[in-house]
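This report concerns only the one structure given below.
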Amino acid sequence: MHKKLFFAIVSVFILIKPGLAQTDYNNVPDVTGKIFINDVYLKQYNPDTFLIHDILIDNGIIKNIAPAMEAPFDARIIEGDSIYAYSAFIDAFSHTGIPQPERRQQRPDVQFRGFPPNDIAGITPEKMAFKDIKANDKSIAALRKSGFAVSHVVPRGNMLPGQGCIISLKGDSVEDMILDESSSCLFQLSGARGVYPSTVIAVMAKWRELNRQAELYSANNKSYALDPVSKERPVMNSVLDALVPVVENRRRVFSHAQSNKDVYRSLVLQSELGYDVVLSNVRRVEPAIEALSQDKMHIILSAELPDAVKEDKKKEKGNEESAKEESDPRREALLERKKESIKEFESQAALLESKDVRFAFSMMDVKATDLKANLERMIAAGLSEQAAMNALTINAAEILGLEKICGSLEKGKMANLFLSTGPYLDKESSIKYSIVEGHVEEYEIRKKKRASSNSDNSIEGTWSFSIDVMGDLNTGKIVITKEADQYEVNIINDATPDDPRPCSDISFEYGTLSLSLIVPYEDGDLPVQLSLDIDQDSFNGTATIGQLGSFPIEGSKISSPEN
Amino acid sequence: MKTLHIYFFVFFVFGLISAQSETGDVLIKNGTLITITDGVKENTDLLIKNGKIDKIGKNISTGDVNTVDATGMYVMPGIIDAHSHIAIDAVNEGTNPNTAEVWVGDALDPYDINIYRALAGGVTISHAMHGSANAIGGQCETIKHRWGIMNPEEMRMEGAVRTIKFALGENPMRVHGEGGRIMPATRMGVEQVFRNAFSEAQEYMKAWEDYNNGKSDMAPEYNIRMEAVSDILKGDLMIHCHSYRADEILMLMNVLRDFGVEKICFQHVNEGFKVAPELAEFGAYASVFSDWWAYKFEVYYSTAYNSAILTKNGVITSINSDSRELIRHLYHEAAKSQRYGGLTDNEALRLITLNPAIQLGIDDRVGSLEKGKDGDVVIFDKHPLSVYAIPQMTFVDGVVRFDINSDPADMRIEVDPNETMPAFMEAVDHEHDDSCLQGLNELLFDK
């Protein structure tokens, strides 16, 4: 009896479940496919002048751009008053949407490391990057939020990881997003771990061998197709199959060439094998610039820059020992060379512009949120604003062969654009809407720290913190109170809850809370300086702990003052 | 207008990655010239024009050529190191006992500070070699120390003979036998790797010959490794073989006789003194250490008289560094052949100039001070075989690449913006390096 009841219940569930899925509430279509952006600033053919125009989007396409149009009755209207429209950016080279693989086991399990299977050797040119993309990967939304609408996504891996694809950064499934499922063949100079080809010399040799093998494979197949009588049947080879379009120059090779040496090695292969190579994620073009401009190469420059050298804060502390180090002329000279080196990285884009080399940007190694700051540094190093914007839009479109469908604000192109609260490159502006193929996403504009930080009671309360000091995770609470315009801060480590540590030298300016305290450490005490950037209910910052160094610290607000 | 034409012509000829390197003019006045091939000439001038030695004689006067006063100094041809691993990003592709297809010329590193340090020791050319992990290692590259250039293509010594590294004994046995559980686990196995490779290459060449002659319709599978081994059999690729023990040296010469390979340079050759007449009879070359041994079992039976014994037996012998530290004082290493073996000044200096040039197939271009040869020259303040000698200036193709008096302290070409410690502070100590096994830590020890 009981058994029967159980089965009845189970079968009801089995029946109901598919029924529930019939309406997908997570995937409600837009009410209208029409969007009308009213009176927005934009640049069209003249790069120097902003016009005030309306933009009409219909089903993902820019229907019209003109002044004083009439909004269709069924359009969603976005008031463009004092906001700026830009053609959305194109990321010319990255792993967007492909999650980081879990760490591989230490050593691949192969019988003979001289002849590993192709997937372990890193030779899988037949693999398609789009199969690794997860439509809900957060890197996609992050790029979109920074103004991007299209990515050229290449697979992860070693020597020949597979074929890149072009995706639109919006969609419910990967199929939805694909603009071109096979747009490129990725080549990298990195060897496989512990198996052939493990070094750059073997990678170069293997490339030459595969090239010749693919040519012969194609010739043999053609000969057999023409007349198979008395001929040995050519055996199918999926690696060579994928390389035939490459050697016949029907699929372009994107060579991952970060360093100057990688650039030259890629050029060797280009001239030896006759490929049309796009140098990708390049960080240094300068030594090879004459050759690159001579041959009208296409370059995908990395949008990443090395961190600026931090000016030593010790100077201000007046610590005698460090003051002595500072005045060491050899040390100064080394620091100077580092700074020069960073300047060289910053000036690569300007150099490409001055030599008239067409370039786009790769977002492979850079956080989307750092893009604008890096562009500012490149512009300070001589890149024109227009060239920076072109690299992110029309040049990228042309390098990827997408100029008919995107890369500029034009009638008939995909409705890929973003709306910014001011000219994009202004420090104070931020992106308010991103529109990818007509799908609108609106972002909350955070008030600038400068404005919010002066509101007095914003940081009072109890905050949590966590900091990893050389593998030792410390957590606890920061209690901030304020009396008569003076902050009081106590820090309580969870390990020693009965020993709250009072802080001194407390200041809170422009959203940054600075303070110092003494903490117990082994047999003595250590001075600690904290500098916390507070952003509403959370903070990030650094803790400088005695001579141990600086460590990142983060936390969030637990509660406001109890009164 | 004329220069413009020449400019375009150059680009057409050399194409995109033109490997055209800079040449210079210089007049070195009044030095003691150690010519190697034509005795020692005191108070003599040497004129280099467009990178080539143009004139040797007294009181040469030219227009406005850059002049260096070498009064009281010694001028000798740039030192040549026939065995080194500097300036390359990869030394060993240790994944297979035969990797004849790989080529360190694909991994040249113009930024390696050891190039500059070698120049400071008067070394203008080195033979950048593949390591000794594999019985048949990779192809090597002879490079000129044109410090300051950033295009790896410009480092190559154009016209040098193509060379390939072989290795006998413990290294390939350890890496593949012990480390990979495959042949060669013994010295017998090492021999068999060579015999197998040569036999397979003969079959490979035959298959292609048949296809090219129309005897078969379908192209055989292209194998770049067999292509390289075939080049050895055809005499287009010269073997430089890492070797220590006399029995193995004889073994390899027998293998080569069986397959008709005529040219070989043995490297290290610590027991070469035992088989010097046999080496001379074969026409084999030897490139040795002055007095470095006992760093593994097969390298105990050694003598500092090795270079002298080989020389006296008519074997063309050189002294090499195989080390980024030794490369800085090869003139000291050559001097040791006088202390042990009593070679003459000229015989001793030939060990680091003309003889290595012969072994690398570049003796028509470098290795001695002769009209028409490359302007690769080093100026010493004392006689180069004196223990007090210090190189003052080093020229490559007539261009000053080292100048002890005017080079700045930090000669690095590129600085890593994220470096925490300058790269040049890394320890340099050849006793603790086995540079022939570079890059193998992962294969050998990371299990």
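So the sequences go chain by chain: A and B.
If you want the working numbering, it's the position in the first sequence, counting the first as 1, plus 49.
If you want the working numbering, it's the position in the second sequence, counting the first as 1, plus 1059.
Virtual Cβ for every residue (Gly too), placed ideally from N, Cα, C.
None of the values given here were measured: they were computed from a predicted structure.
Query                                                                                                                                                                : Result
Would you say residue 174/A reaches chain B, if we count a Cβ-Cβ gap shorter than 7 Å as a contact?                                                                  : no
Could you give the distance in angstroms between the alpha-carbon of residue 162/A and the alpha-carbon of residue 1170/B?                                           : 31 Å
Verify whether the separation of the beta carbon atoms of residue 265/A and residue 1278/B is less than 7 Å.                                                         : yes
Checking 7 Å against the spacing of the C-beta atoms, do residue 1324/B and residue 1303/B come in under that value?                                                 : no
Between residue 253/A and chain B, is any beta-carbon pair separated by less than 7 Å?                                                                               : yes
For a contact meaning CB atoms closer than 9 Å, what does residue 596/A contact in chain B?                                                                          : Those within 9 Å of residue 596/A in chain B number zero; the least Cβ separation is about 16 Å.
Under 9 Å Cβ-Cβ, which residues of chain B neighbour residue 298/A?                                                                                                  : Residues of chain B passing the Cβ test: none, with the nearest at roughly 16 Å.
If you scan the stretch 267-321 of chain A from start to end, which runs of the alpha helix (DSSP H) of 4 or more residues do you find wholly inside it?             : 287-296
What are the residues that DSSP puts in a beta bridge with residue 550/A?                                                                                            : 540/A
Please state if the CB of residue 1081/B and the CB of residue 1228/B are separated by a distance shorter than 7 Å.                                                  : no
Give the straight-line distance between the Cα atoms of residue 489/A and residue 444/A, rounded to the nearest whole angstrom.                                      : 24 Å
Grab the span of the beta strand (DSSP E) containing residue 138/A for me, first residue to last.                                                                    : 138-143
Grouping DSSP H, G and I as helix and E and B as strand, with all else coil, what is residue 1001/B?                                                                 : Because chain B in this structure spans residues 1060 to 1506, residue 1001/B falls outside the shown range and cannot be described.
In whole angstroms, what is the alpha-carbon distance linking residue 478/A and residue 472/A?                                                                       : 7 Å
Rounding to the nearest angstrom, what Cα-Cα distance links residue 187/A and residue 146/A in this structure?                                                       : 7 Å
Mind listing which residues of the stretch 269-299 of chain A have their C-beta closer than 8 Å to chain B's C-betas, in chain order?                                : 269, 272, 273, 279, 280, 281, 283
Please identify, using Cβ separations under 7 Å, the residues of the stretch 1225-1252 of chain B that lie next to chain A, in order along the chain.                : 1239, 1241
Please report how far the alpha carbon of residue 1145/B lies from the alpha carbon of residue 1174/B, in whole angstroms.                                           : 7 Å
Start and end of the beta strand (DSSP E) containing residue 1297/B?                                                                                                 : 1297-1302
Suppose the cutoff is 7 Å on Cβ atoms and the five residues either side in sequence are ignored; what does the same chain contact list for residue 1366/B look like? : 1347, 1349, 1376, 1378, 1396, 1400, 1410
Can you find a C-beta in chain A that's less than 7 Å from the C-beta of residue 1165/B?                                                                             : yes
Who are the neighbours of residue 1155/B on chain A, taking C-beta pairs under 7 Å?                                                                                  : 163, 245
To which residues of the same chain is residue 1253/B closer than 8 Å at the C-beta, ignoring the five residues directly before and after it?                        : 1194, 1195, 1225, 1311, 1314
Can you list, in chain order, the stretches of the beta strand (DSSP E) that have 3 or more residues and sit fully within the stretch 1064-1143 of chain B?          : 1085-1093, 1099-1108, 1111-1116, 1126-1128, 1133-1136, 1138-1143
Does residue 1447/B come out as helix, strand or coil in the three-state DSSP assignment?                                                                            : coil
Report buried or exposed for residue 1316/B, applying the criterion of at least 16 other Cβ atoms within 10 angstroms of its Cβ.                                     : exposed
Assign residue 595/A to one of three DSSP states: helix, strand, or coil.                                                                                            : coil
Who are the neighbours of residue 169/A on chain B, taking C-beta pairs under 9 Å?                                                                                   : Those within 9 Å of residue 169/A in chain B number zero; the least Cβ separation is about 11 Å.
Count the other CB atoms within 10 Å of the CB of residue 556/A; is the residue buried (16 or more) or exposed (fewer)?                                              : exposed
By alpha-carbon positions, which one of 253/A, 486/A, 287/A ends up nearest to residue 167/A?                                                                        : 287/A
Given a cut-off of 7 Å, decide if residue 1135/B and residue 1437/B are closer than it, judged by their beta-carbon atoms.                                           : yes
Tell me which residues of the stretch 1265-1282 of chain B have at least one Cβ-Cβ distance to chain A shorter than 9 Å, keeping chain order.                        : 1275, 1276, 1277, 1278, 1279, 1280, 1281, 1282
Assign residue 413/A to one of two classes, buried (16 or more other C-beta atoms within 10 Å of its C-beta) or exposed (fewer than that).                           : buried
Mind checking which residues open and close the alpha helix (DSSP H) that includes residue 1248/B?                                                                   : 1246-1271
Which residues of chain A have a Cβ atom closer than 9 Å to the Cβ of residue 1162/B, listed in chain order?                                                         : 250, 253, 254
Taking 7 Å as the CB-CB limit, is residue 1401/B close to chain A?                                                                                                   : no
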